[in-house]
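Written out below as structure tokens is the structure these notes cover.
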Amino acid sequence: MNKKRWGCLAAAFTLAVSMTGVMPETSYNAKAAQRDLGITEDFIRGVDISSVMAFEQSGRKFYYSNGTEGDIFDILKDAGVNYIRVRVWNDPYDTQTHKGYGGGNNDISKAIAIGQRATAHGMKLLVDFHYSDFWADPAKQYAPKAWKDYTPSQKADAVYDFTYHSLSELLSSGVDVGMVQIGNETMGTMAGMGGLYDGVWNLTTGVGAAMQKGCEAVNAINARYGLKGERAVLKALHFTDPNTTAAWYAQQAAERGIDYDVFAVSAYPFWHGSGDDLAVTLKNIARTYHKKVLVAETAYPYTFADADSTGNNIRSKSDMSFSEYEVSVTGQKKAVYDMFLAVASVNTQAGTRGFGLGVFYWEPAWLGADTSDSGLYGTGYASSVSGNYELLFHDRIVEYASEDKGSSWDNMAMFDSGGRALDSLQVFKLTGY
Numbered sequence: 001m002n003k004k005r006w007g008c009l010a011a012a013f014t015l016a017v018s019m020t021g022v023m024p025e026t027s028y029n030a031k032a033a034q035r036d037l038g039i040t041e042d043f044i045r046g047v048d049i050s051s052v053m054a055f056e057q058s059g060r061k062f063y064y065s066n067g068t069e070g071d072i073f074d075i076l077k078d079a080g081v082n083y084i085r086v087r088v089w090n091d092p093y094d095t096q097t098h099k100g101y102g103g104g105n106n107d108i109s110k111a112i113a114i115g116q117r118a119t120a121h122g123m124k125l126l127v128d129f130h131y132s133d134f135w136a137d138p139a140k141q142y143a144p145k146a147w148k149d150y151t152p153s154q155k156a157d158a159v160y161d162f163t164y165h166s167l168s169e170l171l172s173s174g175v176d177v178g179m180v181q182i183g184n185e186t187m188g189t190m191a192g193m194g195g196l197y198d199g200v201w202n203l204t205t206g207v208g209a210a211m212q213k214g215c216e217a218v219n220a221i222n223a224r225y226g227l228k229g230e231r232a233v234l235k236a237l238h239f240t241d242p243n244t245t246a247a248w249y250a251q252q253a254a255e256r257g258i259d260y261d262v263f264a265v266s267a268y269p270f271w272h273g274s275g276d277d278l279a280v281t282l283k284n285i286a287r288t289y290h291k292k293v294l295v296a297e298t299a300y301p302y303t304f305a306d307a308d309s310t311g312n313n314i315r316s317k318s319d320m321s322f323s324e325y326e327v328s329v330t331g332q333k334k335a336v337y338d339m340f341l342a343v344a345s346v347n348t349q350a351g352t353r354g355f356g357l358g359v360f361y362w363e364p365a366w367l368g369a370d371t372s373d374s375g376l377y378g379t380g381y382a383s384s385v386s387g388n389y390e391l392l393f394h395d396r397i398v399e400y401a402s403e404d405k406g407s408s409w410d411n412m413a414m415f416d417s418g419g420r421a422l423d424s425l426q427v428f429k430l431t432g433y
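This is the structure:
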């Protein structure tokens, strides 16, 4: 579909939805419009709510837009969400104090608990393995404490073992796992190997081999549990900066012969740019490398106001590389909808129908957090002991913390500071059938 026609269809459909409030469930025209946009019946309308159990344990509540209290999984399902993403850290606890590092303290036991609730609500689970004990992203990819002195070959074997045993636990616990990420925003570095640590970014110094081992572990799990065809667990590689380096990493993964299914990106409109550019990138990767594509993380601020004592990642327009959407609930909804349209457009391209899988919104329920709750429950992005982990690899604390922190993401939530759902949460219904 050409860009002009795509834009006209999107505008017409958005207007229809705004006039009716929700998409008519039985309208042939509405379904035809969705198909023209590339939105498939199984299109992923996902959220990452990895921190939610920490908030529930601290006593925080969530509410429908009318103020009625509800289980967050019910609220999300009612809004059209059909897939949950959860991060997994190997051992997110301090060796000496046994206090959690924060960020939800997401180990495999938390993933099982969240996954069971997702499954009970008819949602699949995307398991996001960081292969670290705390946050792994383009700025840091520390190996788990237990792997600190491993060689690259030993780390690759450890990736296989951790992936295999974790998935086995999840599936044996009745969790409907649909996809696995072999690393989080890896960008040529993973588990203490690659570019950040040796200056080599092309996946050759241990990273590609570890990714392949992770994929092999998923293959073994699929074989063990008889998961074939549409029931097979998909293997995703996850990168960021979609409009600058994504195509290059797709090429590197192909040259390494990594056996994966899904090329996933982080696509934040305020950092990475427009949905139009994203669509071009994803269409190219899907067509060139015959891989499914996914936005594993996106978000947009609905306010610049801060709900706790910890500063937000985006505090003003000066923190935004791109600001084509207004910072409001309406702007948030439009920005996310455009990310959905970008992925869906892959399904309008000859030869890649069904390759545009969908979108995950990152932490729509990460509310403002008191630092005292952060230390006790892990509601903030880091606790006072998280820096101890960094000091195992670095001579000073840069990325983590030596004091309890709150949320740096509360203005990106799709719930207000009191836990009430914003209208932007309804964006998931716009991409449903």
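Residue numbers (the working numbering): 1 to 433. Every residue gets a Cβ at the ideal spot worked out from N, C-alpha and C, and that includes glycine. This structure is a prediction, so every number in the text was calculated from the model and none was measured.
CB-CB under 8 Å to residue i, same chain, minus the five flanking residues each way: which ones, in chain order?
i	result
D416	L422
A254	Y289
If I measure Cβ to Cβ from residue i and keep anything under 7 Å in the same chain, skipping five residues before and after, which residues do I get?
i	result
I442	With the chain covering 1 to 433 only, the question about residue 442 has no answer from this structure.
Y225	L171
L367	F55, R60, A307, S407, D410, A413, F415, S417, G419
Q252	N202, L203
Bridge partners for residue i per DSSP, in chain order?
i	result
Q181	D128, A236
W362	D48
A156	Partner(s): none; A156 has no beta bridge.
E435	Absent from the structure is residue 435, since the part of the chain shown begins at 1 and ends at 433.
K140	D137
Using the beta-carbon count (16 or more within 10 Å), is residue i buried or exposed?
i	result
F270	buried
S316	exposed
E297	buried
R85	buried
H290	exposed
A118	buried
H98	exposed
R45	buried
H272	buried
V398	exposed
S424	buried
By how many angstroms is the C-alpha of residue j removed from the C-alpha of residue i?
i	j	result
F134	P92	6 Å
V311	S384	Sequence check: residue 311 is Gly here, not Val. Roughly 16 Å between the two C-alpha positions.
E326	P138	27 Å
Y361	L227	27 Å
A32	I39	10 Å
F355	L237	15 Å
A220	E69	42 Å
Y197	A79	43 Å
L430	A286	24 Å
A246	T281	8 Å
Y377	S58	6 Å
Under the three-state reduction of DSSP, which class applies to residue i: helix, strand or coil?
i	result
R287	helix
I75	helix
I84	strand
D36	helix
A264	strand
M339	helix
A296	strand
T281	helix
P24	At P24 the pLDDT is 40, less than 50, meaning the model places this residue with poor confidence; the figure from the coordinates comes in the next sentence. Note: P24 maps to coil in three-state DSSP.
S424	helix
G375	helix
L170	helix
M187	coil
F162	helix
Who are the Cβ neighbours of residue i in its own chain at under 6 Å, not counting the five residues just before and after it?
i	result
M401	Note that residue 401 corresponds to Ala in the displayed sequence, not to Met. Hits under 6 Å: A382, S386, G387.
L357	I44, K292, L294
S65	A421
Would residue i pass as an interface residue toward chain D - the criterion being a Cβ-Cβ separation below 8 Å?
i	result
K429	Looking at the structure shown, chain D is missing, and only one protein chain is on hand.
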